[in-house]
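Comments concern the structure below.
There are 2 protein chains.
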Amino acid sequence: MADHEDVDYPVLDERSLPAYLARMPEVASRLGGAPADWVVQEIGDGNVNFVFAVRGPGGDVCVKQALPYVRAVGAEWPLTPERTSFEYRALLEHGRYVAGRVPKPLHYDPHLRLLIVEYLGGLTVMRHGLVAGACYPNFAEHIGSYLAQSLFFTSDLALAGPDKRILMSLFHTNTEMCQIMEDMVFTEPYWDHPRNRCTSPQLDDERYQLQRDSRLKIAVARLKTQYLANAEALIHGDLHTGSIMVSLDDTRVIDQEFACYGPMGFDVGTLLAHLLINYFAQIGHGTPKDPRSKQQEWLLETVVEVWTNFRLHFCAFWETSGAGDAYPSLFFADPVGQTALAEERESYLDRLFIDTLGFCGAEIIRRIFGFAHTADFDTITDPDRRASCERSAIRMAHQLLVGPSQYQTITAVTVAARKFGEQFGGDYNK
Amino acid sequence: MADHEDVDYPVLDERSLPAYLARMPEVASRLGGAPADWVVQEIGDGNVNFVFAVRGPGGDVCVKQALPYVRAVGAEWPLTPERTSFEYRALLEHGRYVAGRVPKPLHYDPHLRLLIVEYLGGLTVMRHGLVAGACYPNFAEHIGSYLAQSLFFTSDLALAGPDKRILMSLFHTNTEMCQIMEDMVFTEPYWDHPRNRCTSPQLDDERYQLQRDSRLKIAVARLKTQYLANAEALIHGDLHTGSIMVSLDDTRVIDQEFACYGPMGFDVGTLLAHLLINYFAQIGHGTPKDPRSKQQEWLLETVVEVWTNFRLHFCAFWETSGAGDAYPSLFFADPVGQTALAEERESYLDRLFIDTLGFCGAEIIRRIFGFAHTADFDTITDPDRRASCERSAIRMAHQLLVGPSQYQTITAVTVAARKFGEQFGGDYNK
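Here is the structure:
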């Protein structure tokens with residue numbers, strides 16, 4: 027056992043894991059051979075949890091254990107170890123609909139706060155791949171389906187009222203993780219919170235304006251109110267490109283600790299935010315020899331395709347599987363009703379598009395001015411260059427927050443992204 | 027004990043109650059004297075629960091016991107006896123803020139599903155009073171405050187995110203009672219559900235049109251979606267005039283079994299619906315000798331004042347006690363921010379007004395075409411006369427559902443109510 031005096035349950039490590047896993051027949055048989063044959067390797071980014079790959083002669087598993095604090099910081103930053111139980115529950119619930127897009131959960135140990143899932147061999151964290159310049163041609167289709175499935179089928183469009191209320195009741199107890207989002211996404215970036223940081227002094231002017239922009243803060247407060255009260259679907263709750271594992275032909279969504287019932291636009295908007303963040307960052311990563319212009323095109327195409335695929339799949343699910351209590355199918359059984367419902371589906375998705383753009387803007391802002399930044403920008407070592415890329419992203423985010431309805435289509439958003447990219451960060455990779 | 031073979035817990039009656047109550051020191055001392063001195067009287071309307079008034083030499087209490095079915099119907103209509111526990115929890119939660127407007131809860135017995143509350147001597151069920159022609163001059167102020175207090179202080183405007191999530195988690199388990207509302211308010215009236223009834227054949231044309239009005243059904247489905255997903259505040263959940271006890275100088279809200287986290291407009295709209303229902307019904311109750319025109323004026327004034335008082339109190343609470351997580355006060359600390367937040371408060375209430383009108387319309391419709399009707403209309407014995415009053419209400423409700431934003435003010439709503447009243451039911455009391 028590792029030495030963690032401040033944790034009141036055993037903390038497993040490379041040495042102790044095999045004996046623990048050997049007691050679980052399903053896991054042991056998946057690994058094959060004997061415990062002595064199993065190779066354990068710590069693979070977590072090391073910040074929050076312990077994550078191990080365990081490889082046996084028959085197969086592999088991934089083991090994730092939570093401590094009651096942020097691992098990299100220690101006991102000064104407590105973090106509920108219950109987060110792993112919400113990850114497990116979300117994997118089970120989402121797994122009913124998107125089995126191929128999340129790792130298969132194999133075991134959850136509530137005493138050790140330890141989760142065992144399928145090991146995703148051959149996949150990399152999407153953000154790392156994007157920063158290195160990679161494109162993933164199947165990603166937009168995979169994640170568009172994932173979003174439609176995970177959100178539609180856990181919403182009132184698919185579920186009976188009582189079944190959804192029981193799920194809401196369960197996930198509403200994920201209070202501590204939700205509060206992190208309430209604070210870090212919707213609150214801290216808009217005042218001088220001590221843990222905020224940004225590229226300074228280059229972006230001091232932007233930060234100054236941001237914190238005095240009442241129109242912007244009203245928009246953010248409305249989005250926060252939605253996050254707090256509008257329980258549309260079981261959302262992943264932190265769907266950035268670091269929570270996605272990819273290869274050229276596979277896409278998996280991981281790290282469901284922030285799962286809760288919330289607005290659908292939060293997941294869709296967060297994902298689009300990180301694609302746009304990478305787009306603006308690529309302008310800074312580009313060099314005359316490697317201008318990354320193809321990847322930039324792919325990123326903007328992907329923004330369009332993610333939304334388009336999501337919308338198409340969502341509408342199709344509603345048409346074929348809209349058995350939930352929200353829009354009773356018997357209201358709309360005749361041809362006139364069918365037409366009205368078809369129009370309402372489009373109208374519903376139009377409203378969701380506006381929500382999505384707002385949440386997208388909020389996510390971009392908090393990744394530049396809040397505590398948690400992204401490798402996309404942070405790996406641009408020249409601060410002037412980084413700041414000019416970030417400035418493009420800030421201007422885009424501002425428009426998405428205060429005037430989302432000026433964007434009639436997702437293509438209009440990418441046209442604006444291109445414009446902001448050229449305006450502030452366009453010189454570096456030419 | 028009464029004989030209830032199909033109930034797996036003791037069902038108390040006039041004879042067994044005193045011995046049971048004697049075991050509770052707080053209740054016994056409130057009643058005073060000895061159990062033999064206590065007079066027990068069944069006072070429930072007899073439909074759903076057993077309700078007893080217990081009077082002792084020192085004071086009185088009210089005892090309410092739930093069976094696992096609707097009392098008047100029997101085991102064929104099961105109804106969760108857990109409803110009493112939600113009533114108790116709602117009395118505790120709302121009681122923190124509106125103590126003077128709900129009966130004080132004294133004891134809850136989870137085994138017997140039995141709730142003991144303060145007895146409201148001298149008060150009558152508001153609907154009975156209204157049907158008999160009474161006016162309650164303090165009602166609009168009392169209920170406007172009640173609505174503002176109960177809704178504001180249980181919302182994200184007043185509560186911290188984690189505290190509200192725990193409350194949502196608790197009340198979301200009130201699935202069975204919520205499903206009754208989902209079905210009876212938002213679904214059944216819009217198709218030929220077997221338990222629907224209406225004044226027929228007089229209103230057959232209205233029913234026919236209603237069930238074929240796709241625009242109306244889309245509006246109702248949107249409201250239902252709000253009821254299912256938009257957890258703005260702890261709502262009473264069934265705030266009609268039969269859930270309110272009144273005297274000339276007191277007002278109390280009872281029967282919180284349908285309490286849940288839902289849209290604020292549901293409570294406000296339901297209450298306004300029943301004031302309007304009574305207004306339209308009074309046209310039918312009026313006679314040349316007793317035209318009830320003063321009461322009609324009072325009802326329309328009360329509609330205006332309930333909303334106006336609610337809005338004023340709600341805004342004032344937000345200004346003085348807006349410590350919740352939704353609109354962080356530190357966003358709006360400077361004068362510019364203060365102005366922006368003041369504008370947003372008005373804008374928030376404008377949106378809530380539109381929600382309220384929609385829910386008001388849905389409640390009126392379901393009380394005319396659904397299963398549960400009101401004594402207001404039902405006591406108009408001449409079916410032609412009743413139907414013409416109901417027709418006025420239907421036309422009003424239709425406008426509230428399909429075009430709520432045409433009403434800029436609550437006064438405009440009462441102007442329309444007067445017009446509809448004169449158009450269809452205006453002849454009887456002249």
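Protein chains in written order, with the working numbering: chain A, 27 to 456; chain B, 27 to 456. Quick reminder that beta carbons are idealized off the backbone N, C-alpha and C, glycines included. Since the model is a prediction, treat every value here as computed from it, not as a measurement.
Considering only residues of the same chain and omitting the five flanking positions on each side of residue i, which have a CB-CB separation below 6 angstroms?
i                     : result
residue 90 (chain B)  : 75, 77, 141
residue 181 (chain A) : 258, 259
residue 350 (chain B) : 182, 183, 184, 185
Give the DSSP-derived three-state secondary structure of residue i in the structure shown.
i                     : result
residue 86 (chain B)  : strand
residue 386 (chain A) : helix
residue 81 (chain A)  : strand
residue 213 (chain B) : coil
residue 203 (chain A) : helix
residue 146 (chain A) : coil
residue 397 (chain B) : coil
residue 96 (chain B)  : strand
residue 151 (chain B) : strand
residue 364 (chain B) : helix
residue 91 (chain B)  : strand
residue 140 (chain A) : strand
Here's a check: name, in chain order, each residue in its chain whose Cβ is nearer than 7 angstroms to the Cβ of residue i, leaving out the five neighbours to either side.
i                     : result
residue 211 (chain B) : 388, 389, 392
residue 410 (chain A) : 228
residue 59 (chain A)  : 82, 83, 84
residue 149 (chain A) : 271, 272, 273, 276, 278
residue 166 (chain B) : 328, 331, 332, 335
How far does the alpha helix (DSSP H) with residue i in it extend, from its first residue to its last?
i                     : result
residue 245 (chain B) : 240-255
residue 170 (chain B) : 165-178
residue 231 (chain B) : 230-237
residue 68 (chain A)  : Residue 68 (chain A) -> not in any alpha helix (DSSP H); beta strand (DSSP E) instead, spanning 65-68.
residue 404 (chain B) : 401-404
residue 422 (chain B) : 409-428
residue 327 (chain A) : 319-347
residue 259 (chain B) : Residue 259 (chain B) -> not in any alpha helix (DSSP H); beta strand (DSSP E) instead, spanning 259-261.
residue 301 (chain A) : 290-311
residue 33 (chain B)  : Careful: residue 33 (chain B) lies outside any alpha helix (DSSP H) and carries neither H nor E.
residue 196 (chain A) : 187-197
residue 120 (chain B) : 109-124
Taking 8 angstroms as the cut-off, does the CB of residue i come closer than this to any heavy atom belonging to the ligand ZN?
i                     : result
residue 432 (chain B) : The ligand ZN is not among the ligands present in this structure, which contains no ligands whatsoever.
Along the beta strand (DSSP E) that carries residue i, what are the first and last residues, could you check?
i                     : result
residue 282 (chain B) : Neither: residue 282 (chain B) is in no beta strand (DSSP E) and is coded neither H nor E.
residue 101 (chain B) : 100-104
residue 131 (chain A) : 131-135
residue 50 (chain B)  : From DSSP, residue 50 (chain B) is part of no beta strand (DSSP E); its letter is neither H nor E.
residue 272 (chain A) : 270-272
Please list, in chain order, all residues of the same chain as residue i whose beta carbon is under 8 angstroms from its beta carbon, the five residues on each side excluded.
i                     : result
residue 62 (chain A)  : 44
residue 326 (chain A) : 305, 440, 443, 444
residue 301 (chain A) : 267, 325, 328, 329, 332
residue 256 (chain A) : 288, 289
Exercise. Can at least three beta-carbon pairs, one atom from the region 196-206 of chain B and one from the region 99-113 of chain B, be found at a separation below 8 angstroms?
Worked result: yes
Exercise. Three or more C-beta pairs closer than 8 angstroms, one from the region 272-288 of chain A and one from the region 276-292 of chain B: is that the case here?
Worked result: no
For this session: Answer yes if the region 316-335 of chain B comes into contact with the region 234-251 of chain A, meaning at least three C-beta pairs across the two stretches below 8 angstroms, and no otherwise.
Result: no
For this session: Report yes or no: do three or more beta-carbon pairs, one from the region 169-178 of chain A and one from the region 155-171 of chain B, lie closer than 8 angstroms?
Result: no
Problem set entry | Members of the region 350-361 of chain B near chain A, C-beta cut-off 8 angstroms | 351, 352, 353, 354, 356, 357, 358, 360
Exercise. Pairing CB atoms from the region 260-274 of chain B with CB atoms from the region 289-296 of chain B, are three or more of them under 8 angstroms?
Worked result: yes
Exercise. If you measure beta-carbon to beta-carbon, which residues of the region 245-262 of chain B are closer than 7 angstroms to chain A?
Worked result: 247, 250, 251, 254, 255, 256, 257, 258
Exercise. If we count Cβ pairs, one from each stretch, closer than 8 angstroms, do we get three or more for the region 305-318 of chain A versus the region 411-420 of chain A?
Worked result: yes
For this session: Kindly confirm or deny that the region 180-188 of chain B and the region 310-319 of chain B touch, where touching means at least three C-beta pairs closer than 8 angstroms.
Result: no
Problem set entry | Where the region 204-234 of chain A meets chain B: residues whose CB sits under 7 angstroms from a CB there | 204, 205, 208, 213, 216, 217
Problem set entry | the region 365-372 of chain A contacting the region 241-254 of chain B, beta-carbon criterion three pairs below 8 angstroms | yes
Exercise. What residues in the region 365-378 of chain B have a beta carbon less than 7 angstroms from any beta carbon of chain A?
Worked result: 366, 370
Exercise. Taking Cβ-Cβ distances below 7 angstroms as the criterion, which residues of the region 269-301 of chain A are in contact with chain B?
Worked result: none
For this session: Closer than 7 angstroms, Cβ to Cβ, to anything on chain A: give me those residues from the region 166-186 of chain B, in chain order.
Result: 182
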